[in-house]
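Engineer:
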Amino acid sequence: GGKDRRSGLILTIPLCLEQTSMDELSVTLDYLLSIPSEKCKARGFTVIVDGRKSQWNVVKTVVLMLQNVVPAEVSLVCVVKPDEFWDKKVTHFCFWKEKDRLGFEVILVSANKLTRYIEPCQLTEDFGGTLTYDHMDWLNKRLVFEKFTKESTSLLDELALINSGSDKGTQQEKERSIDLNFLPSVDPETVLQTGHELLSELQQRRFNGSDGGVSWSPMDDELLAQPQVMKLLDSLREQYTRYQEVCRQRSKRTQLEEIQQKVMQVVNWLEGPGSEQLRTQWGIGDSIRASQALQQKHEEIESQHSEWFAVYVELNQQIAALLNAGDEEDLVELKALQQQLSDVCYRQASQLEFRQNLLQAALEFHSVAQDLSQQLDGLLGMLCVDVAPADGASIQQTLKLLEEKLKSVDLGLQGLREKGQSLLDQISNQASWAYGKDVTIENKENVDHIQGVMEDMQLRKQRCEDMVDVRRLKMLQMVQLFKCEEDAAQAVEWLSELLDALLKTHIRLGDDAQETKVLLEKHRKFVDVAQSTYDYGRQLLQATVVLCQSLRCTSRSSGDTLPRLNRVWKQFTVTSEERVHRLETAVAFHSSAEKILQECPEQPEAFNEMEQFDEIEAVGKSLLDRLTVPVIYPDGSEQYFGSPSDMASAAEHIREKMKLVSLKKQQLTQPEATTAES
Numbered sequence: 001g002g003k004d005r006r007s008g009l010i011l012t013i014p015l016c017l018e019q020t021s022m023d024e025l026s027v028t029l030d031y032l033l034s035i036p037s038e039k040c041k042a043r044g045f046t047v048i049v050d051g052r053k054s055q056w057n058v059v060k061t062v063v064l065m066l067q068n069v070v071p072a073e074v075s076l077v078c079v080v081k082p083d084e085f086w087d088k089k090v091t092h093f094c095f096w097k098e099k100d101r102l103g104f105e106v107i108l109v110s111a112n113k114l115t116r117y118i119e120p121c122q123l124t125e126d127f128g129g130t131l132t133y134d135h136m137d138w139l140n141k142r143l144v145f146e147k148f149t150k151e152s153t154s155l156l157d158e159l160a161l162i163n164s165g166s167d168k169g170t171q172q173e174k175e176r177s178i179d180l181n182f183l184p185s186v187d188p189e190t191v192l193q194t195g196h197e198l199l200s201e202l203q204q205r206r207f208n209g210s211d212g213g214v215s216w217s218p219m220d221d222e223l224l225a226q227p228q229v230m231k232l233l234d235s236l237r238e239q240y241t242r243y244q245e246v247c248r249q250r251s252k253r254t255q256l257e258e259i260q261q262k263v264m265q266v267v268n269w270l271e272g273p274g275s276e277q278l279r280t281q282w283g284i285g286d287s288i289r290a291s292q293a294l295q296q297k298h299e300e301i302e303s304q305h306s307e308w309f310a311v312y313v314e315l316n317q318q319i320a321a322l323l324n325a326g327d328e329e330d331l332v333e334l335k336a337l338q339q340q341l342s343d344v345c346y347r348q349a350s351q352l353e354f355r356q357n358l359l360q361a362a363l364e365f366h367s368v369a370q371d372l373s374q375q376l377d378g379l380l381g382m383l384c385v386d387v388a389p390a391d392g393a394s395i396q397q398t399l400k401l402l403e404e405k406l407k408s409v410d411l412g413l414q415g416l417r418e419k420g421q422s423l424l425d426q427i428s429n430q431a432s433w434a435y436g437k438d439v440t441i442e443n444k445e446n447v448d449h450i451q452g453v454m455e456d457m458q459l460r461k462q463r464c465e466d467m468v469d470v471r472r473l474k475m476l477q478m479v480q481l482f483k484c485e486e487d488a489a490q491a492v493e494w495l496s497e498l499l500d501a502l503l504k505t506h507i508r509l510g511d512d513a514q515e516t517k518v519l520l521e522k523h524r525k526f527v528d529v530a531q532s533t534y535d536y537g538r539q540l541l542q543a544t545v546v547l548c549q550s551l552r553c554t555s556r557s558s559g560d561t562l563p564r565l566n567r568v569w570k571q572f573t574v575t576s577e578e579r580v581h582r583l584e585t586a587v588a589f590h591s592s593a594e595k596i597l598q599e600c601p602e603q604p605e606a607f608n609e610m611e612q613f614d615e616i617e618a619v620g621k622s623l624l625d626r627l628t629v630p631v632i633y634p635d636g637s638e639q640y641f642g643s644p645s646d647m648a649s650a651a652e653h654i655r656e657k658m659k660l661v662s663l664k665k666q667q668l669t670q671p672e673a674t675t676a677e678s
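What follows is the structure in structure tokens.
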């Protein structure tokens, strides 16, 4: 890649310690000198013979050989001598004296003084220069170039032979020629790609170095002839384009014949075995399992058809591609093939889809029928089990569940009718797809089966509805029974609460006669409430007995509730009577005491009889005694009114009033004693 000061090329011959073959060196020089153009050769060569690692005799032989290989082109030979110069006896041969005989000038020079004759930028690092050069990279590129040249030249001959054979002769000769030379020995695309890559690198005038990406620049296009590559590429593209057209025509003819053959295969199968398979499949099955088996069989038929439909899709795409090519001679035939293929495939696909929809509708019908049958079985099983709930809430829950099941059955039957009618509608349209076959018998069997299933479900549902009505009435009576028992137990609780309130809170006897009378009146109203509660409980228990008789069952709680009600009522009655007696005694005590305490002293005649005071005192003592006595129930149990402190407070008030009466008595008896003494 380097140039001397005359713009001539520099040729470097590195010699080594090993034996150098002059024949090989001669061949190598011939090859290298064949690369540059004639214009470049005319500027001459500067040859650098690197003899630093060789013997003088070898160097001398090489220099003399240059006279025979390139005498006219060599203008200067620089022999790079080693640091230790050859023996003078050996080097007595003077090249400068032989210039006329050799035809070029020869100089002996050290490596460090080589720059006197050649610029450093044109020398490689081996000679102290700065020119970057990668010999292996250059060699690889030369190999690529020569390989491309060889392959492209051979390929051009083959393509020209193929293309020329397709341009002359009859159609048979043309086809025979194409058959014999149809495929080139190498791939044209690969050769073109190699050429483009090579041309791109040449045009960039760069070769990547082998170490670190350093690059070097060759001469323009003398060393690696770009015009030759471009010319080969142009010729290849031209011949390859013609070759592609030849192949396209042959491929189109072959493709058309294959399409015709495949179209007839598809049509013959669909109209033959495919149609026969569908003609034998008309049943819908009488259960889910039977419908699923028919569906599985239909899927097998569809699978076989899918293979042919895939062929149809591929053929349709191929025909469309050929139609888009626009060859008028094939348009009519291609359109006829496309139309025939489409008609047969669409008709068969419609048959398959109709059959699939029919089987799916039958499966849904049988599925709904099975679900409805299971619902009716569950409802019937629920109705056949005797009701033995623990309380009214569970009865209500059971009744609610019963109503929900009945509603679900109604919805299921409605859905069955809808599915059945839809299936019947599809079956009625089945005759239009029968390809002329009479399917009345098959349809009648299917219709009778569908209608029979719907009628059977309707009868079963009606029987369940009748049983639900009876069960509903019984459960409502049981709800009423439990309600009466609960209310009766509640009446007992209320009456117990009234008794408890009477004992704990109804303890006051009043501070005077008026207040005591008010308390007595309130007590009577309180007793009326208790009486109403007791009567309500008795009525509920009587209703319970009637309901038990109607349901033919024994109540689980009424037998215990009635004794409890009577016991509590008797306790309440005894306690109430004691309360009335105490209040009436208190009224009598307060009335008598207040009458005496309100009498004026000026009317001594009103107190002529001291029995009134004695009577008041006796009533007060009796009342005090009664406050300390408990209420004794019929069963012998005892119960006190209020707490001891409450009774003590009531007794204290009575004692205070008795003291006032006693004091009044003393005031009245003192004047009488004074009068008797006087």
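The numbering of the sequence shown is UniProt numbering, which starts it at 1 and goes up by one. Where a beta carbon is used, it is the ideal one built from N, C-alpha and C, also for glycine. These numbers come from a predicted model, not from an experiment.
1. How many angstroms separate the CA atom of Glu189 from the CA atom of Glu314?
2. With the cut-off set at 7 Å, would you say Ser54 and Leu108 are in Cβ contact?
3. Which same chain residues, not among the five before or five after Leu597, have their C-beta less than 8 Å away from its C-beta?
4. Over the uninterrupted beta strand (DSSP E) stretch that includes Ile13, give me the two end residues.
5. Can the beta-carbon of Val468 be found closer than 7 Å to that of Leu411?
6. DSSP has Lys400 in a bridge; who is on the other side?
7. According to DSSP, is Glu105 part of a helix, a strand, or is it coil?
8. Roughly how many angstroms separate the alpha carbons of Gln66 and Phe148, rounded to a whole number?
9. Report yes or no: do three or more beta-carbon pairs, one from the stretch 358 to 369 and one from the stretch 284 to 292, lie closer than 8 Å?
10. Would Asn608 be called buried (16 or more neighbouring beta carbons within 10 Å of its own) or exposed?
11. Look at the alpha carbon of Lys522 and the alpha carbon of Glu485, and state the distance between them as a whole number of angstroms.
12. If we call anything under 7 Å between Cβ atoms a contact, is Ala489 one with Thr561?
13. Within a Cβ cutoff of 6 Å, which residues of the same chain sit near Phe613, ignoring the five residues on either side of it in sequence?
14. Flag this pair as yes or no: are the beta carbons of Val629 and Thr575 separated by less than 7 Å?
15. Using the C-alpha atoms, what's the distance from Gly44 back to Ile10?
16. DSSP state of Val629, grouped into three classes?
17. Closest by CA to Leu476, which one among Glu18, Val529, Leu519, Leu547?
18. I need the DSSP call for Leu131, collapsed to helix, strand or coil.
19. Quick check: the Cα distance between Ser367 and Glu418, rounded to an integer number of angstroms?
20. Could you give the DSSP three-state label for Leu424: helix, strand or coil?
21. Suppose contacts are defined by Cβ-Cβ distances below 7 Å. Is Val77 in contact with Val106 by that definition?
22. Once DSSP output is grouped into helix, strand and coil, what is the label at Phe45?
23. CA-CA distance, Ile301 and Arg355?
24. Using a Cβ-Cβ distance cut-off of 7 Å, determine whether Cys484 contacts chain B.
25. Where does Val587 sit, in a helix, a strand or coil, going by DSSP?
26. What three-state label does DSSP hand Leu76 in the structure shown?
27. Measuring straight from C-alpha to C-alpha, what distance separates Gln204 and Gln239?
28. Can you grab the Cα-Cα spacing for the pair Gln193 / Ser342, in whole Å?
29. Output needed for Thr20: all residues of its chain with C-beta closer than 8 Å, excluding positions within five of it in sequence on either side, in chain order.
30. Does the stretch 447 to 462 come within contact of the stretch 496 to 507, defined as at least 3 CB pairs closer than 8 Å?
31. Note the first and the last residue of the continuous alpha helix (DSSP H) segment covering Trp269.
32. Given residue 695, which residues of its chain have a CB within under 7 Å of its CB, disregarding the five upstream and five downstream residues?
33. Straight-line CA distance for Asp512 to Arg564?
34. Should Gly381 be labelled buried (16 or more other beta-carbon atoms within 10 Å of its own) or exposed?
35. Return the CA-CA distance between Leu232 and Thr153, expressed in angstroms with no decimal places.
36. Out of curiosity, what's the CA-to-CA distance linking Gln340 and Gln296?
Structural biologist: Reading from the atomic positions:
1. For the purposes of this step, residue 189 is taken as the residue at position 189 of the sequence shown. For the purposes of this step, residue 314 is taken as the residue at position 314 of the sequence shown. It is roughly 28 Å from the alpha-carbon of Glu189 to the alpha-carbon of Glu314.
2. Walking along the sequence shown from the start, residue 54 turns up at place 54. Walking along the sequence shown from the start, residue 108 turns up at place 108. At the C-beta level, Ser54 and Leu108 stay beyond 7 Å of one another.
3. For the purposes of this step, residue 597 is taken as residue 597 along the sequence shown, with counting starting at 1. Correct list, in chain order: Leu660, Val661, Lys664.
4. Counting from 1 along the sequence shown, the entry for residue 13 is found at position 13. Segment 9 to 14, the beta strand (DSSP E) holding Ile13.
5. Stepping through the sequence shown from its first residue, residue 468 is reached at position 468. Stepping through the sequence shown from its first residue, residue 411 is reached at position 411. In this structure, Leu411 does not lie closer than 7 Å to Val468 by Cβ.
6. Looking up residue 400 in the sequence shown gives position 400. DSSP lists no partner for Lys400.
7. Locating residue 105 in the sequence shown gives position 105, counting from the first residue. Of the three classes helix, strand and coil, the one that applies to Glu105 here is strand, per DSSP.
8. By 1-based counting over the sequence shown, the position of residue 66 is 66. By 1-based counting over the sequence shown, the position of residue 148 is 148. In the sequence as presented, Gln is not what sits at residue 66; that position holds Leu. Straight-line Cα distance between these residues: approximately 31 Å.
9. yes
10. Numbered from its first residue, the sequence shown carries residue 608 at position 608. Only weak support exists for where Asn608 lies, its pLDDT of 45 falling under 50; the value from the coordinates is given anyway. When all chains shown are included, Asn608 counts as exposed.
11. Against the sequence shown, residue 522 aligns to sequence position 522. Against the sequence shown, residue 485 aligns to sequence position 485. Roughly 31 Å between the two C-alpha positions.
12. Numbered from 1 along the sequence shown, position 489 holds the residue referred to as residue 489. Numbered from 1 along the sequence shown, position 561 holds the residue referred to as residue 561. In this structure, Thr561 lies closer than 7 Å to Ala489 by Cβ.
13. Taking the sequence shown and counting its residues from 1, one reaches residue 613 at position 613. Once the five neighbours on either side are set aside, the close Cβ partners of Phe613 are Lys665.
14. What you label residue 629 is simply residue 629 of the sequence shown in a count that begins at 1. What you label residue 575 is simply residue 575 of the sequence shown in a count that begins at 1. With contacts defined by Cβ atoms closer than 7 Å, Val629 and Thr575 do not form a contacting pair.
15. Position 10 of the sequence shown holds residue 10. Position 44 of the sequence shown holds residue 44. The straight-line gap from Cα to Cα measures roughly 9 Å.
16. Locating residue 629 in the sequence shown gives position 629, counting from the first residue. Three-state DSSP puts Val629 in coil, outside helix and strand.
17. Position 476 of the sequence shown, counting from 1, holds the residue named residue 476. Of the listed residues, the one whose Cα sits closest to Leu476 is Leu547.
18. Residue numbering aside, residue 131 sits at position 131 when the sequence shown is read from its first letter. Secondary structure at Leu131: strand, using DSSP grouped into helix, strand and coil.
19. Taking the first residue of the sequence shown as 1, we reach residue 367 at position 367. Taking the first residue of the sequence shown as 1, we reach residue 418 at position 418. One C-alpha to the other measures close to 13 Å.
20. For the purposes of this step, residue 424 is taken as the residue at position 424 of the sequence shown. Reduced to three states, the DSSP call for Leu424 is helix.
21. The residue you call residue 77 lines up with position 77 of the sequence shown. The residue you call residue 106 lines up with position 106 of the sequence shown. For Val77 and Val106, yes; Cβs fall inside 7 Å.
22. In the sequence shown, the residue the question calls residue 45 occupies position 45. The answer is strand: DSSP assigns Phe45 an E or B state.
23. In the sequence shown, the residue the question calls residue 301 occupies position 301. In the sequence shown, the residue the question calls residue 355 occupies position 355. For Ile301 and Arg355, the distance between alpha carbons rounds to 11 Å.
24. Given the protein chain composition of this structure (a single chain), no chain B is represented.
25. On the sequence shown, position 587 is the one that residue 587 refers to. Helix.
26. Indexing the sequence shown from 1 puts residue 76 at position 76. Strand, per DSSP.
27. Translated into positions along the sequence shown, residue 204 becomes position 204. Translated into positions along the sequence shown, residue 239 becomes position 239. Taking the straight line from one Cα to the other gives about 27 Å.
28. Here residue 193 corresponds to residue number 193 of the sequence shown, with the count starting at 1. Here residue 342 corresponds to residue number 342 of the sequence shown, with the count starting at 1. Rounded to whole angstroms, Gln193 to Ser342 spans 43 Å at the Cα level.
29. Looking up residue 20 in the sequence shown gives position 20. Correct list, in chain order: Ser54, Val58, Val62.
30. no
31. Here residue 269 corresponds to residue number 269 of the sequence shown, with the count starting at 1. Unbroken alpha helix (DSSP H) run through Trp269: 226 to 269.
32. This structure cannot settle anything about residue 695, because the visible part of the chain is limited to 1 through 678.
33. Within the sequence shown, numbered from 1, the residue matching residue 512 stands at position 512. Within the sequence shown, numbered from 1, the residue matching residue 564 stands at position 564. Cα-Cα distance, rounded: 38 Å.
34. In the sequence shown, the residue the question calls residue 381 occupies position 381. Residue environment analysis places Gly381 among the exposed positions, since fewer than 16 neighbouring C-beta atoms fall within 10 angstroms of its C-beta.
35. In the sequence shown, counting from the first residue as 1, residue 232 sits at position 232. In the sequence shown, counting from the first residue as 1, residue 153 sits at position 153. The straight-line gap from Cα to Cα measures roughly 8 Å.
36. Along the sequence shown, one-based indexing puts residue 340 at 340. Along the sequence shown, one-based indexing puts residue 296 at 296. For Gln340 and Gln296, the distance between alpha carbons rounds to 30 Å.
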